[in-house]
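Okay, so here's the structure we're looking at.
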Amino acid sequence: MPQAVRKARWMAHPQALAALLAADGDLMRRTRAWLADPGSMTLKLKKRTESFSVRLLRQRPGRILADEHEALCISPRSRVVERDVILLGDGQPVVFGHTVLSTSSVKSDWPFFSKLGSTPLGANLFFDPLVGRSPIQYARLSAGHPLMRRIAQALPESELPTSLLARRSLFTRRGGVLMVTDVFLPALEALMRPLPAHVPIEKR
Numbered sequence: 000m001p002q003a004v005r006k007a008r009w010m011a012h013p014q015a016l017a018a019l020l021a022a023d024g025d026l027m028r029r030t031r032a033w034l035a036d037p038g039s040m041t042l043k044l045k046k047r048t049e050s051f052s053v054r055l056l057r058q059r060p061g062r063i064l065a066d067e068h069e070a071l072c073i074s075p076r077s078r079v080v081e082r083d084v085i086l087l088g089d090g091q092p093v094v095f096g097h098t099v100l101s102t103s104s105v106k107s108d109w110p111f112f113s114k115l116g117s118t119p120l121g122a123n124l125f126f127d128p129l130v131g132r133s134p135i136q137y138a139r140l141s142a143g144h145p146l147m148r149r150i151a152q153a154l155p156e157s158e159l160p161t162s163l164l165a166r167r168s169l170f171t172r173r174g175g176v177l178m179v180t181d182v183f184l185p186a187l188e189a190l191m192r193p194l195p196a197h198v199p200i201e202k203r
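Right, here's the structure in full:
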């Protein structure tokens with residue numbers, strides 16, 4: 000497979016979202032807001048759904064992807080630990096999550112990682128004062144990207160578009176670096192609608 004297909008063009012500058020979402024309109028504005036939101040995706044989804052769950056697809060040693068090693072400053076032949084999940088809102092797959100970190104830092108810098116199971120990663124990352132975060136990068140993943148192939152395998156009955164929007168960022172803890180990628184699935188669009196304004200109940 001051509002290298003260009005396996006690598007996405009990740010952008011971190013302010014114009015990145017405008018380049019990825021050239022169309023205007025309410026949906027595009029809401030999508031930009033969700034992509035750029037620095038908060039916990041887990042908490043955001045919990046606020047907008049009656050039920051939230053994590054479907055663990057894999058968590059095991061693997062080889063780093065072609066467009067990840069430079070961001071993590073490690074060799075392209077490095078062995079890593081990777082974790083893939085589907086975030087479900089009201090039973091619908093809304094986000095594909097991919098996490099990668101070096102095997103040497105799992106026990107020393109990310110001791111909770113091996114015990115996560117179906118617990119959302121954000122429950123640890125966003126409430127640990129030792130954790131720092133890099134600026135968010137954005138990309139549109141094409142059908143040939145490894146993560147797109149994994150999504151298709153995990154959701155064989157879903158009709159997926161030829162490309163999906165994604166974001167990623169690095170998290171640091173002590174000397175360890177962990178990278179989290181969120182890929183927005185089609186069903187997420189329904190959750191992007193504005194929440195209804197709270198109307199206080201009039202007391203009599």
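0 is the number of the first residue of the sequence shown in numbering that gives the first Met the number 0; add one for each residue after it.
Ideal Cβ positions, reconstructed from N, Cα and C, are used throughout, including at glycine.
Asked	Found
Simplified DSSP state of His97, which is helix, strand or coil	strand
Nearest candidate by alpha-carbon position, reference Val179, set Ser107, Val53 and Arg132	Arg132
Segment contact flag, the stretch 106-117 with the stretch 143-160, C-beta cutoff 8 Å, min 3 pairs	no
Cβ-Cβ separation, Gly121 to Leu187 (assumed contact under 8 Å), whole Å	At roughly 16 Å, the Cβ-Cβ gap does not stay under 8 Å, so Leu187 and Gly121 are not in contact.
DSSP state of Ala11 mapped onto helix, strand, coil	coil
Spatial distance of Leu64 from Ser74 (CA atoms)	11 Å
Local Cβ density within 10 Å of Leu159, reported as buried at 16 or more and exposed below that	exposed
Residue closest to Arg167, alpha-carbon to alpha-carbon, out of Met27, Ala32, Arg29 and Pro37	Pro37
Buried or exposed (CB count within 10 angstroms, at least 16 for buried), Pro119	buried
Sub-7 Å separation of Val80 and Val105 beta-carbons	yes
Same chain, Cβ closer than 8 Å to Met27, neighbours up to 5 away in sequence not counted	Leu20
Beta carbon of Arg8 nearer than 7 Å to that of Ala165	no
Segments of 3+ residues assigned as beta strand (DSSP E) that fall wholly inside the stretch 124-154	130-132 and 136-141
Between the CA atoms of Gly143 and Lys6 - distance to the nearest angstrom	9 Å
Inter-residue Cα distance where the pair is Asp89 and Gly175	34 Å
Exposure of Asp25, with buried meaning 16 or more beta-carbon neighbours within 10 Å	exposed
Any non-hydrogen atom of the ligand NAD within 6 Å of Val94 CB	As for the ligand NAD, it is missing from this structure, which has no ligand bound.
Buried versus exposed, by CB contacts within 10 Å (16 or more), His97	buried
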